[in-house]
Amino acid sequence: MQLHISPQDGVPIYLQIVNQIKFLVASGRLKSGEELPSIRALAEQLLVNPNTVARAYRELEAAGVVVKRRTAGTFVADAQSPLALRERRRLLNERLDALLVEGRQLGFSADEIVNMLGDRQRAFQSALEET
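According to our numbering, the stretch in the sequence shown is residues 971 to 1101, in order.
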């Protein structure tokens, strides 16, 4: 698992860790049941304080993205859990909000953006069926 921390980002380091792990889980690059690095190992890899990683893991656990197993480590939660589903929807809604804002800034109405999304979805589906 590769994470990239930017101290100049303006976003607290623990939130950078949280956001990147959420993205890796939502994108399927981290799968249900997969073990995350230990707090100490990730802190050493990122050159951050272990308390920072511990805070990120607590946030991820509270969001239902990961589960802690006593003495066994921290694992990606089952994608079917209600908390994980809620978190995946929240992440997608953030991306949709950004798309709508950007589309409006480019002069497109919400209806035009929705129509364009439908066109892209049909093209994507066709491409999947060809493979």
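Each residue gets a CB set at the ideal place from its N, CA and C atoms; glycine is no exception.
- For GLU1005, the secondary structure class from DSSP, reduced to helix, strand or coil, is strand.
- Annotation: PRO977 to ARG1010 spans about 19 Å, alpha carbon to alpha carbon.
- DSSP links ARG999 through a beta bridge to no other residue.
- Looking at the DSSP output, GLY1043 bridges to ARG1039.
- Taking all protein chains in view, the Cβ of VAL1035 is crowded by 16 or more other Cβ atoms within 10 Å, so the residue is classified as buried.
- In terms of Cα proximity to ALA1032, the closest of LEU1087, SER1096, ASN1021 and ALA1047 is ALA1047.
- Nearest to VAL995 by C-alpha distance, out of LEU1017, ALA1013, GLY980 and MET971, is MET971.
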